[in-house]
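*Asks:* This is the structure I have questions about; it appears just below.
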Amino acid sequence: MSHALPQRTRIYQCHHIDSTRWDGFKPRPDDIIITTALKAGTTWTQRIVSLLIFQTTELPMSLHSYSPWIDARFIGPKAEMMMIVEALDNRRFIKSHLPLDALPYFENVKYIYVGRDTRDVFMSAWNHVNAYTPMALEMLNSGENAPAEPFEQPCGDIREFWRVWMTRGRYEWEHDGYPNWSHLYHARSYWDFRHLPNLLFVHYNDLKADLDGQMRRISRFLDIDVDEQTWPALVDAATFASMKRDAHLLGPEMDMVFEGGAQRFLYKGTNDRWRDILTAEDLELYEAAAARTLTPELKLWLEQGAASGIEPGVD
Numbered sequence: 523m524s525h526a527l528p529q530r531t532r533i534y535q536c537h538h539i540d541s542t543r544w545d546g547f548k549p550r551p552d553d554i555i556i557t558t559a560l561k562a563g564t565t566w567t568q569r570i571v572s573l574l575i576f577q578t579t580e581l582p583m584s585l586h587s588y589s590p591w592i593d594a595r596f597i598g599p600k601a602e603m604m605m606i607v608e609a610l611d612n613r614r615f616i617k618s619h620l621p622l623d624a625l626p627y628f629e630n631v632k633y634i635y636v637g638r639d640t641r642d643v644f645m646s647a648w649n650h651v652n653a654y655t656p657m658a659l660e661m662l663n664s665g666e667n668a669p670a671e672p673f674e675q676p677c678g679d680i681r682e683f684w685r686v687w688m689t690r691g692r693y694e695w696e697h698d699g700y701p702n703w704s705h706l707y708h709a710r711s712y713w714d715f716r717h718l719p720n721l722l723f724v725h726y727n728d729l730k731a732d733l734d735g736q737m738r739r740i741s742r743f744l745d746i747d748v749d750e751q752t753w754p755a756l757v758d759a760a761t762f763a764s765m766k767r768d769a770h771l772l773g774p775e776m777d778m779v780f781e782g783g784a785q786r787f788l789y790k791g792t793n794d795r796w797r798d799i800l801t802a803e804d805l806e807l808y809e810a811a812a813a814r815t816l817t818p819e820l821k822l823w824l825e826q827g828a829a830s831g832i833e834p835g836v837d
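Position 88 (the sequence shown) corresponds to 610 in my numbering; numbering is contiguous.
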């Protein structure tokens, strides 16, 4: 697999995403694509990359204006999205929630994959889907290529949501992740190409444990030089506390999409909350799902990040 290049062989279409919206995308040599499955640190990484590119804590426009989410089916027509992407005159850092086999691959584009423990992703996803406003639900279920199967907020039983999330897939090649897509399959699609020089693996736990060090890793990968005197302010602006304080940078649309706005969207930023919720029986579903899709090394890395002793991309 280390000698092969990724191929775009899957189509993902549902209430949230549409992989065909990448059709016709014209890459630039310095493009950056930030990709996660869901609730694994996407916005955090977008904020970090924005700080490295602009080297200021302030942004004239919202973060999401500078870092558009192309595969979001519900954000305007495809043609309009491509016009927005083409009009960006800064170094582009684009968000995606697609697995690598549904995303165009370009050898001159930098890809940042962000991983997180599946169980922590679930806890954040539970808060996320239960925070949608009526307007958000209307957006998800209408517009261009409206989904045949509408999105519905889950019942109020978090453990029942976990059971479905761990045992049902939306697509025939996935076995979990419903009503969205599989966090496990998404991770595996990138893991199989972890030796590619233009693909960087970042872990949520490592961002929490050593934000300065991880930001330096990302800056080296992106070939961005930052004056040492500027570093402390940039690192401080990327902390979760600062992002909560500066939540207005995410844009006014947060108030329309989430009950509680950007503060609810960012929520807690903590790990291990699942330990107080999931039972031993619940966790058996996770172990079975992981065994179907993940290698032992990938499972360990997703659970622990650098603490696992595994460094993706290094033999």
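Yeah, the Cβ is synthetic: ideal placement off N, Cα and C, and Gly gets one too.
#1: Thinking C-beta only, is A811 closer than 8 Å to D698?
#2: DSSP three-state call for L581: helix, strand or coil?
#3: Excluding the 5 residues flanking Y808 on each side, which residues of the same chain have their C-beta closer than 7 Å to its C-beta?
#4: Which residues does DSSP pair with A594 in a beta bridge?
#5: Quick one: using the 10 Å Cβ neighbour count with 16 as the cut-off for buried, is M657 buried or exposed?
#6: Which residue comes first and which comes last in the beta strand (DSSP E) that contains G637?
#7: Below 7 Å, is the gap between the Cβ of T815 and the nearest heavy atom of the ligand ATP?
#8: Can you give me the Cβ contacts of R814 inside the same chain, cut-off strictly under 7 Å, excluding the 5 residues immediately before and after it?
#9: Looking only at its chain, what residues have a beta carbon closer than 6 Å to the beta carbon of D837, apart from the 5 residues adjacent to it on each side?
#10: Are the beta-carbon atoms of A562 and R638 separated by less than 8 Å?
#11: Hey, quick one: how far does the beta strand (DSSP E) through H708 stretch, first residue to last?
#12: Going by alpha carbons, who is nearest to D747 out of L573, S541, Q529?
#13: What residues in its chain sit with their C-beta under 8 Å from that of Q751, if we drop five residues either side in the sequence?
#14: Short check: CB of D623 to CB of S711, under 8 Å?
#15: Confirm, please, whether the CB-CB distance from I554 to L744 is below 8 Å.
#16: By how many angstroms is the C-alpha of M737 removed from the C-alpha of P754?
#17: Mapping DSSP to helix, strand and coil, what is H725?
#18: Could you check what DSSP says for T558 in three-state terms: helix, strand or coil?
#19: Tell me whether I746 sits in a helix, a strand or coil according to DSSP, three-state version.
#20: Tell me which same chain residues have a C-beta within less than 8 Å of the C-beta of N652, skipping the five on either side of it?
#21: Between the alpha carbons of M523 and V636, how many angstroms are there, rounded?
#22: Quick one: is T564 buried, meaning 16 or more other Cβ sit within 10 Å of its Cβ, or exposed?
#23: For Y627 and Q529, what's the separation of their Cα atoms in angstroms?
#24: Name the two residues that bound the continuous alpha helix (DSSP H) containing S764.
*Replies:* Concretely, from the data shown:
#1: yes
#2: coil
#3: The beta carbon of Y808 sits closer than 7 Å to those of T640, R641, M688, all from its chain and outside the five residues before and after it, given in chain order.
#4: I539
#5: The residue in question, M657, is exposed, as its Cβ has fewer than 16 Cβ neighbours within 10 Å.
#6: 632-637
#7: As presented, the structure is devoid of all ligands, the ligand ATP included, so that no description of it is given.
#8: So the list reads H697, once near-sequence residues are dropped.
#9: Model confidence at D837 stands at a pLDDT of 49, short of 50, so the residue's coordinates are unreliable and nothing is read from them.
#10: yes
#11: That residue, H708, is in no beta strand (DSSP E); its alpha helix (DSSP H) goes 705-713.
#12: L573
#13: none
#14: Yes, the Cβ-Cβ distance between D623 and S711 is below 8 Å.
#15: yes
#16: 11 Å
#17: strand
#18: coil
#19: coil
#20: Sequence-distant partners of N652 (beyond 5 residues in either direction) whose C-beta falls short of 8 Å from its own C-beta, in its chain, are Q675, P676.
#21: Note that M523 scores a pLDDT of 45, beneath 50, so its modelled location is shaky and nothing firm can be said.
#22: Buried, because 16 or more other Cβ atoms sit within 10 Å of the Cβ of T564.
#23: 7 Å
#24: 762-767
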